[in-house]
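**Student:**
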Amino acid sequence: MMLKALGEIVLNTNEENTFFGDKRSRMLRANLDALAPDAPIATIAQLKTDLGKAELKLGNELETIRLLRQCEKDYLPKIIAGWPKKNAFNLINSLRFNIGIAYLRQAETNNCCQRNTPESCIMPIQGEGIHTDKIASRNAISYFEAVLKHSEGYAPHRLQALWLLNIAYMTIGDYPHKVPPKYLIELDKFLPDEPFDSPRFKNSARKLGLDTFSLAGGVVADDFNNDGNLDLLVSSYNTSGQLRLFINQADGTFLERTEEAGLTGILGGLNMVQADFDNDGWLDVLVLRGAWLGSQGRHPNSLLRNDGVSGIAQFTDITYESGLAEINAPTQTASWADYDNDGDLDLYIGNETLLKGTVIPCQLFRNNGNRTFSDQAKIAGVTNERFTKAVVWGDYNGDSYPDIYVSNFDDDNRLYHNNGDGTFTDRAQSLRVTGPQVSFPAWFWDYNNDGILDLYVSGYAGDISLLAADALSLPNKGERSRLYRGNAEGGFTDVAPEVGLTRLNAPMGSNFGDLNGDGFQDFYLGTGQPQFRNIMPNLM
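Using our numbering, the first residue of the sequence shown is number 3, and each one after it goes up by one.
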């Protein structure tokens, strides 16, 4: 049943998926073909500009550049003739900026893809990551500099061009010394200070046979075959992306065992969370699907039971028979915990209420102890009904019952206190942990080793204009992350500024652990945003 459902999603992707397929490109070409011979030049230019952007999403950089430069050369001068100078330059700069983006994408394709090295496209760009084919980046530089030359102040579009100009110089090894001083942003602030007491990590994916071609998705590093070594399970946001299992051979290498593990045909998934939900000693996995797709994202998740046959990880999709597929909703986040202390792990799934106003509740699945689940969210009072980006469990007040923190996008966050009777009470407001208003990853941890759980909630400054403003110490509206230090009374105090967590960032993925062996937990943020302009460094 699951394979059929996932196959149908693949078949419908080209027409229904916001991020994949050529539907928009086909529509724009049809509109162009339907124009009358005497159609206004402005209409032609707008359609070709939109088509160029659509082609860029399909990876057709050369076609994008052709279309946009045609608009720049043939149509724009006629359109702006007689316009006020300011209005004319606003339109010119918008087009030039998009041409610069297209050239920067071409530079990435020609170098990060066609001439890939372990350091390719890792910010800050250095070493073997510096482009060998520099032509496209130099073209991007000329267009971003043109935008800056013909604009002033610190409007978002100018800050975006400023940020990308510095990155373009970095790609060809000319940062910072060849960046015009008036345009320089100190991106080297992202380099570690010396001395650096944490281990340096090198990208060894190619050496280990793990340099898969993928798109977003989740990664689980855990022991799926109970041999004491960490294996890797990798998913892809692409609806046709195959879930892949790599088994650790205990000699520094991995072997793919996707087919042997029974995973063939299990597709898609922006995130995954693992747990031994049936207490049989083998780690199972929940694959989460549909995030960011709105009404088209009602894809079933997959609960993959690990049967562990003959010491080999082997999975069976039991989503439908377990009761987890009665209501499908767009999601990318879930978390396991035994909220009723009956010895079985339960599951909380954070769903995305649709942008057009359709309310979609989160789901709290109580483990029935027989490999089935019952949704108790409404009874428990944890439906949330917001655009959920992270859900995490933690017993913040030490009463032996796990509580739930819910990070919501563009809304107040929730802290559902476990009442110990199957119900929860939202105490986020009274405990002053509702912010940031635009948040993403969150987690409970004990960052200061005082034996009391603390709470980290990331802000999401999802545009490079905000990061540029922050780097230049300019006022901006970006929300900063919160580090809520817990106390013995079950309360919290935001200590982010005093511990140095003041930089704007835009994480979508994250993890924490003791990286340098000093006994204190560190964390890593995987940042980004789908728009091509939003190139930004991950942070540790």
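Using N, Cα and C, we set each Cβ at its ideal position, and we do this for glycine too. Here the structure is a predicted model, which means the values were calculated and not measured.
1) Would you call Gln431 buried or exposed, if buried means 16 or more other Cβ atoms sit within 10 Å of its Cβ?
2) When you compare the CB positions of His559 and Arg434, do they come within less than 9 Å of one another, or not?
3) Taking the straight line between their C-alpha atoms, what separation do you get for Asn478 and Gly461?
4) Contact check, Glu63 vs Thr111 under 8 Å by CB: the rounded distance?
5) Counting only the same chain and skipping the five closest in sequence on each side, list residues whose C-beta sits under 8 Å from that of Lys80.
6) So, do the region 402-417 and the region 525-533 have three or more beta carbon pairs nearer to each other than 8 Å?
7) Within a Cβ cutoff of 8 Å, which residues of the same chain sit near Asp46, ignoring the five residues on either side of it in sequence?
8) What residue from Leu517, Ile537, Gly488, Ala473 has the CA that sits closest to Tyr185's CA?
9) Ends of the alpha helix (DSSP H) at Gly9?
10) If you drop the 5 nearest sequence neighbours on each side, which residues of the same chain put their C-beta closer than 7 Å to that of Ile454?
11) Leu476 and Asn507 - do their beta-carbons sit closer together than 9 Å?
12) For Leu5, does the count of other Cβ atoms within 10 angstroms reach 16, so buried, or fall short, so exposed?
13) Taking the C-alpha atoms as reference points, what is the distance between Ala444 and Pro438?
14) For Arg160, does the count of other Cβ atoms within 10 angstroms reach 16, so buried, or fall short, so exposed?
15) Report the residue from Ser27, Tyr239, Ser483, Ala315 whose alpha carbon sits nearest the alpha carbon of Gly61.
16) Check whether the region 270-282 and the region 312-320 are in contact - that is, three or more C-beta pairs closer than 8 Å.
17) How would you write the range of the beta strand (DSSP E) that Tyr239 sits in, first residue to last?
18) Candidates Ala163, Asp135, Ala379: which alpha carbon is nearest Cys146's?
19) Spell out a yes or no on whether the region 369-386 and the region 322-332 are touching, meaning 3 or more CB-CB pairs, one atom from each, closer than 8 Å.
20) Quick one, are the C-beta atoms of Ala109 and Asp135 less than 9 Å apart?
21) Determine contact between the region 326-345 and the region 256-264, defined as no fewer than three beta-carbon pairs at a distance below 8 Å.
22) Answer yes or no: do Gly270 and Arg300 have a C-beta to C-beta separation smaller than 9 Å?
23) Quick check: what's the CA-CA separation for Ala498 versus Val289?
24) Does the beta-carbon of Trp165 have 16 or more other beta-carbons within 10 angstroms, so that it is buried, or is it exposed?
25) Counting only the same chain and skipping the five closest in sequence on each side, list residues whose C-beta sits under 6 Å from that of Ile169.
26) Contact check, Leu234 vs Ala223 under 8 Å by CB: the rounded distance?
27) Do you know offhand how far Asp40's Cα is from Ile67's?
28) Keeping to the same chain, check which residues put their C-beta closer than 7 Å to that of Glu188; ignore five residues upstream and five downstream.
29) Measuring straight from C-alpha to C-alpha, what distance separates Phe514 and Asp524?
30) At the level of alpha carbons, what is the spacing between Gly492 and Asn369?
31) Between which two residues does the alpha helix (DSSP H) holding Pro79 run?
32) So Asn113 and His133 are in contact, right, with Cβ under 8 Å, and what is the actual spacing, rounded?
33) Going by C-alpha to C-alpha distance, which of Pro532, Ser512, Lys209, Phe522 sits closest to Asn540?
34) Checking 9 Å against the spacing of the C-beta atoms, do Tyr350 and Cys364 come in under that value?
35) Cβ of Gly352 within 9 Å of Cβ of Lys391?
36) Just to confirm the assignment: which complete alpha helix (DSSP H) runs, minimum length 4, are found wholly within the region 423-498?
**Tutor:** This is what the structure holds:
1) Within the sequence shown, the letter at position 429 stands for residue 431. Exposed, since its Cβ has fewer than 16 Cβ neighbours within 10 Å.
2) An answer regarding residue 559 cannot be provided, because it is not within the stretch 3 to 542 covered by the chain.
3) To locate residue 478, count along the sequence shown from 1; it is residue 476. To locate residue 461, count along the sequence shown from 1; it is residue 459. Answer to the nearest angstrom: the Cα atoms are 13 Å apart.
4) Residue numbering aside, residue 63 sits at position 61 when the sequence shown is read from its first letter. Residue numbering aside, residue 111 sits at position 109 when the sequence shown is read from its first letter. The beta-carbon separation of Glu63 and Thr111, rounded to 6 Å, stays under the 8 Å limit for a contact.
5) Residue mapping note: residue 80 aligns to position 78 of the sequence shown, counting from 1. Ile43, listed in sequence order.
6) no
7) Taking the sequence shown and counting its residues from 1, one reaches residue 46 at position 44. The identity of residue 46 in the sequence shown is Ile, whereas the question assumes Asp. The answer, listed in chain order, is Leu34, Leu37, Tyr77.
8) Translated into positions along the sequence shown, residue 185 becomes position 183. The option with the nearest alpha carbon to Tyr185 is Ala473.
9) The residue labelled residue 9 in the question sits at position 7 within the sequence shown. Unbroken alpha helix (DSSP H) run through Gly9: 4-18.
10) Within the sequence shown, numbered from 1, the residue matching residue 454 stands at position 452. Shown here for Ile454: same chain residues with a beta carbon closer than 7 Å to its own, the five before and five after excluded, namely Asp448, Gly488, Asn489, Ala490 in chain order.
11) Within the sequence shown, residue 507 is the residue found at index 505, counting from 1. Within the sequence shown, residue 476 is the residue found at index 474, counting from 1. In this structure, Leu476 does not lie closer than 9 Å to Asn507 by Cβ.
12) Taking the first residue of the sequence shown as 1, we reach residue 5 at position 3. Its Cβ having fewer than 16 others within 10 Å, Leu5 is exposed.
13) Translated into the one-based positions of the sequence shown, residue 444 becomes position 442. Translated into the one-based positions of the sequence shown, residue 438 becomes position 436. For Ala444 and Pro438, the distance between alpha carbons rounds to 11 Å.
14) Taking the first residue of the sequence shown as 1, we reach residue 160 at position 158. Buried.
15) Within the sequence shown, the letter at position 59 stands for residue 61. Ranking Ser27, Tyr239, Ser483, Ala315 by Cα distance to Gly61 puts Ser27 first.
16) no
17) Translated into positions along the sequence shown, residue 239 becomes position 237. Segment: none, Tyr239 is in no beta strand (DSSP E) and carries neither H nor E.
18) Here residue 146 is taken as the residue at index 144 of the sequence shown, counted from 1. The identity of residue 146 in the sequence shown is Phe, whereas the question assumes Cys. The residue with the shortest Cα to Cα distance from Phe146 is Ala163.
19) yes
20) Here residue 109 refers to the residue found at position 107 when the sequence shown is read from its first residue. Here residue 135 refers to the residue found at position 133 when the sequence shown is read from its first residue. Cβ atoms of Ala109 and Asp135: closer than 9 Å.
21) no
22) For this step, residue 270 is matched to residue 268 along the sequence shown. For this step, residue 300 is matched to residue 298 along the sequence shown. Result no, Cβ atoms of Gly270 and Arg300 do not sit closer than 9 Å.
23) As a working note, residue 498 is residue 496 in the sequence shown. As a working note, residue 289 is residue 287 in the sequence shown. Straight-line Cα distance between these residues: approximately 32 Å.
24) Reading the sequence shown from its first residue, position 163 is the one you call residue 165. Classification of Trp165: buried, given that the 10 Å Cβ count is 16 or more.
25) Along the sequence shown, one-based indexing puts residue 169 at 167. Cβ neighbours of Ile169 beyond the five flanking positions: Ile537.
26) Residue mapping note: residue 234 aligns to position 232 of the sequence shown, counting from 1. Residue mapping note: residue 223 aligns to position 221 of the sequence shown, counting from 1. Contact flag correct, Cβ pair sits at about 6 Å.
27) Reading the sequence shown from its first residue, position 38 is the one you call residue 40. Reading the sequence shown from its first residue, position 65 is the one you call residue 67. Distance between the alpha carbons of Asp40 and Ile67: 25 Å.
28) Residue 188 sits at position 186 when you count from the first residue of the sequence shown. Contacts found: Ala473.
29) Numbered from 1 along the sequence shown, position 512 holds the residue referred to as residue 514. Numbered from 1 along the sequence shown, position 522 holds the residue referred to as residue 524. So the alpha carbons of these two residues sit roughly 6 Å apart.
30) To locate residue 492, count along the sequence shown from 1; it is residue 490. To locate residue 369, count along the sequence shown from 1; it is residue 367. Distance between the alpha carbons of Gly492 and Asn369 is about 28 Å.
31) In the sequence shown, the residue the question calls residue 79 occupies position 77. 78-82 is the span of the alpha helix (DSSP H), which, as asked, contains Pro79.
32) Here residue 113 is taken as the residue at index 111 of the sequence shown, counted from 1. Here residue 133 is taken as the residue at index 131 of the sequence shown, counted from 1. About 4 Å separates the two Cβ atoms, so the contact holds.
33) By one-based count along the sequence shown, residue 540 stands at place 538. The shortest Cα separation from Asn540 among Pro532, Ser512, Lys209, Phe522 belongs to Ser512.
34) Working through the sequence shown from its first residue, we reach residue 350 at position 348. Working through the sequence shown from its first residue, we reach residue 364 at position 362. Taking 9 Å as the Cβ cut-off, Tyr350 and Cys364 qualify as a contacting pair.
35) As a first step, residue 352 is located in the sequence shown; it is residue number 350 there, counting from the start. As a first step, residue 391 is located in the sequence shown; it is residue number 389 there, counting from the start. Cβ atoms of Gly352 and Lys391: closer than 9 Å.
36) 430-433, 466-473
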